[in-house]
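Quick notes on the structure that follows.
Right, dumping it as structure tokens:
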């Protein structure tokens, strides 16, 4: 009985530690995402478009989309105008799908 009690206590401590670590990771991710968005919002749209085009060519469309979701709408418009047409089309479809799923 004592052993089971000790195991339960340690199990709760481990869960608590896991939950705290998970929360810290979420906070770090939010901070990084915020900084990335600030960088791209401050960048000239043409430069951001070139970077995004390269990332998409390398197969990193999910990364590009995650960044675009955090940018100001006016910046996204300018960036999409400067991107390769096929790439901006892909991003536009992703944005539409995202909008429809989150109504």
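In my numbering, the protein residues as written are 56 to 158. C-beta: ideal position from N, C-alpha, C; glycine also.
TODO: Identify, in the order they occur along the chain, each residue of the same chain with its Cβ nearer than 8 Å to the Cβ of residue 145, setting aside the five sequence neighbours on each side.
DONE: As a position in the chain shown, residue 145 is number 90, starting the count at 1. If you ignore the 5 residues before and after residue 145, its C-beta comes within less than 8 Å of the C-beta of 111 and 116, all in its own chain and listed in chain order.
Task: Unbroken alpha helix (DSSP H) run spanning residue 77, endpoints - done: For the purposes of this step, residue 77 is identified with residue 22 of the chain shown, where counting begins at 1. Element bounds for residue 77: 57 to 97.
Open item on the list: If distances are taken between C-alpha atoms only, which option among 158, 87, 134 and 153 comes closest to residue 96?
Closed with: Locating residue 96 in the chain shown gives position 41, where the first residue counts as 1. Looking at the Cα atoms, 134 is the closest of the given residues.
TODO: Taking residue 109 as part of the alpha helix (DSSP H), name the residues at either end of that continuous run.
DONE: Taking the first residue of the chain shown as position 1, residue 109 is located at position 54. Run containing residue 109: 100 to 112, per the alpha helix (DSSP H) assignment.
Open item on the list: Suppose the cutoff is 6 Å on Cβ atoms and the five residues either side in sequence are ignored; what does the same chain contact list for residue 149 look like?
Closed with: Walking along the chain shown from the start, residue 149 turns up at place 94. Here the set comprises 120.
- [ ] Could you tell me whether the Cβ atoms of residue 122 and residue 87 are closer together than 8 Å?
- [x] Start at 1 with the first residue of the chain shown, and residue 122 comes out as number 67. Start at 1 with the first residue of the chain shown, and residue 87 comes out as number 32. Contact flag unset, no.
Open item on the list: Distance check for residue 74 and residue 108, CA to CA, integer angstroms please.
Closed with: Taking the chain shown and counting its residues from 1, one reaches residue 108 at position 53. Taking the chain shown and counting its residues from 1, one reaches residue 74 at position 19. Their Cα atoms are separated by approximately 38 Å.
TODO: Evaluate residue 72 with the Cβ neighbour count: other Cβ atoms within 10 Å of its Cβ, from every protein chain shown; 16 or more gives buried, anything less gives exposed.
DONE: One-based indexing of the chain shown puts residue 72 at position 17. Classification for residue 72: exposed.
Open item on the list: Comparing C-alpha positions only, which one of 142, 152, 157 and 156 sits nearest to residue 103?
Closed with: Here residue 103 is taken as the residue at index 48 of the chain shown, counted from 1. Nearest C-alpha to residue 103 among 142, 152, 157 and 156: 142.
Task: Residue range of the alpha helix (DSSP H) that includes residue 155 - done: Walking along the chain shown from the start, residue 155 turns up at place 100. For residue 155, the uninterrupted alpha helix (DSSP H) run begins and ends at 140 to 156, by DSSP.
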